[in-house]
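A.B. asks: The working numbering numbers the first residue of the sequence shown as 1111 and each following residue consecutively.
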Amino acid sequence: MSTLIYGGNIVNEGAVFQGSIVIENDRIAHIDESNDTPRGIYDNEVDATGCFVMPGVIDEHVHFREPGLTHKADIASESRAAACGGVTTYFDMPNTVPQTTTIETLEDKFRLAKGSSLVNYSFFPGATTANVQLFEQLDRHRIPGIKLFMGASTGNMLVDGHEALCRIFETCARLGLPLMTHCEDTALINANMAAAKERYGDDPAIQYHPQIRSEEACYRSTELAVSLARTYATRLHVAHVTTARELSLFGDDAHITAEAVVAHLLFTDADYTDKGAQIKCNPAVKTLADRTALRCALTDGRIYTVATDHAPHQWADKQGGCACAASGMPMLQFSLPSMLGLVDEGVLTLPQLVALMCHHPAQLFGVRDRGYLRQGYKADIAIVKPHQPWTVTLAEVQSKCGWSPLMGHEFQWRVLQTICNGHVVYDRGHLDTACRGEEVCFG
C-alpha cells in the first residue's frame, strides 16, 4: 500500500517547508522538500493544500482506566479520542484496578491494547514501597520508564518514605530507566485540607482546591525529587508542573526535565467560577501568574514536553467541592487544537509545538522510529488546517465519560486526518475502528 501526501506545509525538526511525503506500507519512504509533486502511481493520494503536516502527537501521560474502571473510560474509547485529535501514540499510567505493579498486570494491559487500541501504545509500570525488584525483570524495549507517585492522587499509589524513594531513584539510575514523578507533599495537603474543612465545612468550595494542593506542596516534593535525581544521577521527568516557583528547579541538568499539561496552560484559578469541578485536577490549576510562567517556559527549555494527564471521570463523580469531586479531566482529543490556539496567540511557534509534543517525548523515552518525519520511520502523521472554526459539542466528544471542560469552546484549527502506521485511522470526522495500533518499541 502506497500513499502520497502532497501540497502541504511540513513541520518537522525546527523547519516549516512545502513538500510531499511518500508512504510505503507502514513507513515513510521519501520526503520531498520542493513544490513539485512526485510522479508515480499511488494507492492513495492526500491533497494537503492549505494544511500543515506534522508527526503524530506522542502523549506520554494518559489514564485510560482499563482494567477495572471501564465505567469511566476504556482503551477502545480513549484511543478513538486520540485518533480524532491527531495523537498516534500514548503511554498509560499504572493507577488502574489492579494497579500495574507486577509483570502479570503489565502483560494484561498489553494484551488488552493489542485487541482494542486504534493507535500505538505502551504502559508505565508503577513504583511501590516494595516492588523495586520488579524493575530488574522489565524489558526496557517495551516500556517508557517507571511512574512514581510522590504525592497521593487517584489510585492510592503514594510512596513518600525516604528509604523507599532512595531505592527507587538508585535502581532506576542503575538500570537506565527514566523515572516520571507526580510531585506533591501529601502531609502538607492533608494539613491544608483539615484546616479548610475546619473553616469552610466538610466539602470546601472548589475555589479552595489550589490553596489545599498548594504551591508549597508542589515545590517541596519537586525539590526533593530533583535533589534525589542529582544524588543518584537518575533520568527524572517531573509530570504536570504547575507553578512558577517549581520552574526554577529546571534548565540546568539535561537529565532532569519537566512536563506541562494542557489544562494548566489553558486555565487559571479564575476559571473555577465558571467551570467548577470540571477543572479540578491534581496538581491543581493555579494562578494567572503561574500559567504565564508555564507558557514562557515552553520556549526557554524549562518545560521539555507537553502532555494531557487525560483522566476521564463520569459526570456524577465531578460533582461537589474539594473533598468530594473527583480530580481529573478528559483532554486528549482537544490537546493539539488547544496548543495550536497558543500558536495563534504567539505563545510558541509551530516547530516548538512539534518539538514539545512529538520530538521531545520520543527523545526522552527512547521511542524507536517515531516522533519525527524521517525516511524509514513509522508513518505516524497528523494533518491539521488553520482557519477552520468549529465548536466543541457533546456530539464531538469521543471519550466514554461523555463530557469536556472545553464544551462550547470555539477552535480555529481542525485535525483533518490522522495516519497511524501508514493507515488513515481518522479522516474528516470518520474513524476506521478496524485499525489497530502497535506496541511501541524503545531504545
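Beta carbons are placed, not taken as given, at the ideal position from N, Cα and C, and that holds for glycine. Quick caveat: nothing in here was measured; it's all calculated off a predicted structure.
Can you confirm whether the stretch 1311–1327 touches the stretch 1504–1514 when touching is taken to mean that 3 or more C-beta pairs between the two stretches lie within less than 8 Å?
C.D. replies: No: fewer than three Cβ pairs fall under 8 Å.
A.B. asks: Got a sec? Which residues, its chain only, sit under 6 Å from isoleucine 1133 by beta carbon, not counting five neighbours each side?
C.D. replies: In the sequence shown, residue 1133 corresponds to position 23, counting from 1. Counting only Cβ-Cβ distances below 6 Å, and skipping sequence neighbours, we find Thr1113, Ala1489, Gly1532.
A.B. asks: Which stretch, first to last residue, makes up the alpha helix (DSSP H) that contains histidine 1171?
C.D. replies: For this step, residue 1171 is matched to residue 61 along the sequence shown. First-last for histidine 1171: 1167–1172, but that is the beta strand (DSSP E), not the alpha helix (DSSP H).
A.B. asks: State the start and end residues of the unbroken alpha helix (DSSP H) segment that holds arginine 1309.
C.D. replies: Within the sequence shown, the letter at position 199 stands for residue 1309. It spans 1296–1310 - the alpha helix (DSSP H) in which arginine 1309 sits, taken as one unbroken run.
A.B. asks: Reducing DSSP to helix, strand and coil, say where serine 1227 ends up.
C.D. replies: Within the sequence shown, the letter at position 117 stands for residue 1227. Serine 1227: coil per DSSP, three-state reduction.
A.B. asks: By a C-beta neighbour count over all protein chains shown, 10 Å radius and 16 as the cutoff for buried, is glutamate 1548 buried or exposed?
C.D. replies: What you label residue 1548 is simply residue 438 of the sequence shown in a count that begins at 1. Buried, since its Cβ has 16 or more Cβ neighbours within 10 Å.
A.B. asks: Are the CB atoms of tyrosine 1414 and leucine 1375 within a distance shorter than 8 Å?
C.D. replies: Reading the sequence shown from its first residue, position 265 is the one you call residue 1375. Reading the sequence shown from its first residue, position 304 is the one you call residue 1414. In this structure, tyrosine 1414 does not lie closer than 8 Å to leucine 1375 by Cβ.
A.B. asks: On the premise that leucine 1466 lies in contact with aspartate 1408, defined as a C-beta separation below 8 Å, what is that separation, rounded to the nearest angstrom?
C.D. replies: The sequence position of residue 1408 within the sequence shown is 298, counting from 1. The sequence position of residue 1466 within the sequence shown is 356, counting from 1. Reading the sequence as shown, one finds leucine at residue 1408 and not aspartate. About 6 Å; that satisfies the 8 Å criterion.
A.B. asks: Kindly indicate the opening and closing residues of the alpha helix (DSSP H) around alanine 1191.
C.D. replies: Residue numbering aside, residue 1191 sits at position 81 when the sequence shown is read from its first letter. That run of the alpha helix (DSSP H) goes 1185–1194.
A.B. asks: Please classify valine 1372: is it buried, with 16 or more other beta-carbons within 10 angstroms of its beta-carbon, or exposed?
C.D. replies: In the sequence shown, residue 1372 corresponds to position 262, counting from 1. Burial call: buried.
A.B. asks: Going by the beta-carbon positions, is the gap between phenylalanine 1234 and aspartate 1270 smaller than 8 Å?
C.D. replies: Stepping through the sequence shown from its first residue, residue 1234 is reached at position 124. Stepping through the sequence shown from its first residue, residue 1270 is reached at position 160. In this structure, aspartate 1270 does not lie closer than 8 Å to phenylalanine 1234 by Cβ.
A.B. asks: What are the boundary residues of the beta strand (DSSP E) that serine 1337 is part of?
C.D. replies: As a position in the sequence shown, residue 1337 is number 227, starting the count at 1. No beta strand (DSSP E) holds serine 1337; the alpha helix (DSSP H) holding it covers 1325–1342.
A.B. asks: In whole angstroms, what separates the C-alpha of leucine 1516 from that of isoleucine 1491?
C.D. replies: Here residue 1516 refers to the residue found at position 406 of the sequence shown. Here residue 1491 refers to the residue found at position 381 of the sequence shown. One C-alpha to the other measures close to 25 Å.
A.B. asks: Quick one, which of Gly1512, Ala1335, Gly1150 has its alpha-carbon nearest cysteine 1282's?
C.D. replies: Numbered from its first residue, the sequence shown carries residue 1282 at position 172. Cα-wise, what sits closest to cysteine 1282 is Ala1335.
A.B. asks: Under the rule that 16 or more other beta-carbon atoms within 10 Å means buried, what is leucine 1398, buried or exposed?
C.D. replies: By one-based count along the sequence shown, residue 1398 stands at place 288. Exposed, since its Cβ has fewer than 16 Cβ neighbours within 10 Å.
A.B. asks: Beta carbon of arginine 1412, beta carbon of leucine 1357: below 8 Å?
C.D. replies: As a working mapping, residue 1412 is identified with position 302 in the sequence shown. As a working mapping, residue 1357 is identified with position 247 in the sequence shown. Cβ distance < 8 Å, so arginine 1412 and leucine 1357 count as in contact.
A.B. asks: Relative to the C-alpha of valine 1477, which residue among Thr1238, Thr1367, Leu1244, Tyr1200 is closest?
C.D. replies: Numbered from 1 along the sequence shown, position 367 holds the residue referred to as residue 1477. Of the listed residues, the one whose Cα sits closest to valine 1477 is Tyr1200.
A.B. asks: Report yes or no: do the stretch 1376–1387 and the stretch 1305–1312 share at least 3 C-beta pairs separated by less than 8 Å?
C.D. replies: No, the stretch 1376–1387 is not in contact with the stretch 1305–1312.
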